[in-house]
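In our numbering, the protein residues as written are 9 to 261.
So this is what it looks like as structure tokens:
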């Protein structure tokens, strides 16, 4: 029998999870503070849309809270426990947010950058799970395994480290692309010129460690080129370029 699932949230993560589970579970409701957002996702997965937490169905098997980190506790406080399995999808929010407020609970943290316009292939995503006890862990693993074979147990502390690592690998790396784009804009060059370089850089990681694949002036210790670049940069770009160059050179010593 398919699990009856309520998803509390309609953002990027909630959307990818809902789309992945829609044929594997019975999705009961999608909640969002904005009813239009809930309706948009609910139509895609064929379930009810709600915008009031007081109307959350009381008889589902699993409740997945996929909202901003600082809103998770308020959801837990507003919706009473009903003995079902309650999960959140945060990397840095500890499992203890449920303690003494839920009988069965856990975490389902997908390691991926999500956006509504580009739903993730959940079958390729690594999901890190945690349960309040061995039975809850087993249930969380079974649910996660409906979406991907890449399921791993991770404590709240380990998940926090994963989240930090993801910030470096994804969020900060993407910001570097933004700075690169701004530098190119100043010269009237389209960012497309960087795409082959970026794709090759990522592709090398299939067979090399990040440290092994590092190239560029800092990796070569080319101080004259670094100084020349710094003279043409200003503001945060100059600070970031200098800091990152020094970090790379320190690791080459």
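All C-beta atoms in this analysis are idealised placements derived from N, C-alpha and C, irrespective of residue type, glycine included.
When the Cα atoms are used, what is the spatial distance from residue i to residue j?
i           : j           : result
residue 117 : residue 152 : 9 Å
residue 16  : residue 237 : 48 Å
residue 205 : residue 140 : 45 Å
residue 55  : residue 149 : 24 Å
residue 80  : residue 100 : 12 Å
residue 123 : residue 89  : 30 Å
residue 239 : residue 222 : 23 Å
residue 111 : residue 39  : 22 Å
residue 184 : residue 232 : 22 Å
residue 72  : residue 230 : 51 Å
residue 339 : residue 173 : For the chain, the structure presents residues 9 to 261; residue 339 sits outside this window and is missing.
residue 195 : residue 245 : 15 Å
residue 129 : residue 76  : 22 Å
residue 167 : residue 175 : 12 Å
residue 92  : residue 143 : 12 Å
residue 94  : residue 58  : 18 Å
residue 200 : residue 193 : 11 Å
residue 30  : residue 208 : 35 Å
residue 247 : residue 255 : 12 Å
Quick one: residues in its chain with C-beta nearer than 8 Å to the C-beta of residue i, no 5 flanking neighbours on either side, listed in chain order?
i           : result
residue 132 : 156 and 158
From the DSSP output, which residues share a beta bridge with residue i?
i           : result
residue 115 : 96 and 138
residue 120 : In DSSP, residue 120 forms no bridge with anything.
residue 34  : 12
residue 161 : 137
residue 57  : 38
residue 70  : 13 and 93
Beta-carbon within less than 7 Å of residue i's beta-carbon, same chain only, minus the 5 sequence neighbours each way: which residues are those?
i           : result
residue 127 : 23, 24 and 27
residue 20  : 122, 123 and 124
residue 170 : 99, 119, 136 and 162
residue 46  : 18, 38, 39, 40, 57, 58 and 59
residue 257 : 226 and 229
Can residue i and residue j be called in contact, C-beta distance under 7 Å?
i           : j           : result
residue 226 : residue 253 : yes
residue 35  : residue 64  : no
residue 49  : residue 18  : yes
residue 138 : residue 103 : yes
residue 52  : residue 84  : no
residue 74  : residue 97  : yes
Apart from the five residues just before and just after residue i, which ones in its own chain have a Cβ nearer than 6 Å to its Cβ?
i           : result
residue 134 : 119 and 158
residue 212 : 221
residue 11  : 33, 69 and 70
residue 177 : none
residue 234 : 225 and 253
residue 86  : 61
(request) Answer yes if the stretch 185–195 comes into contact with the stretch 158–173, meaning at least three C-beta pairs across the two stretches below 8 Å, and no otherwise. (result) no
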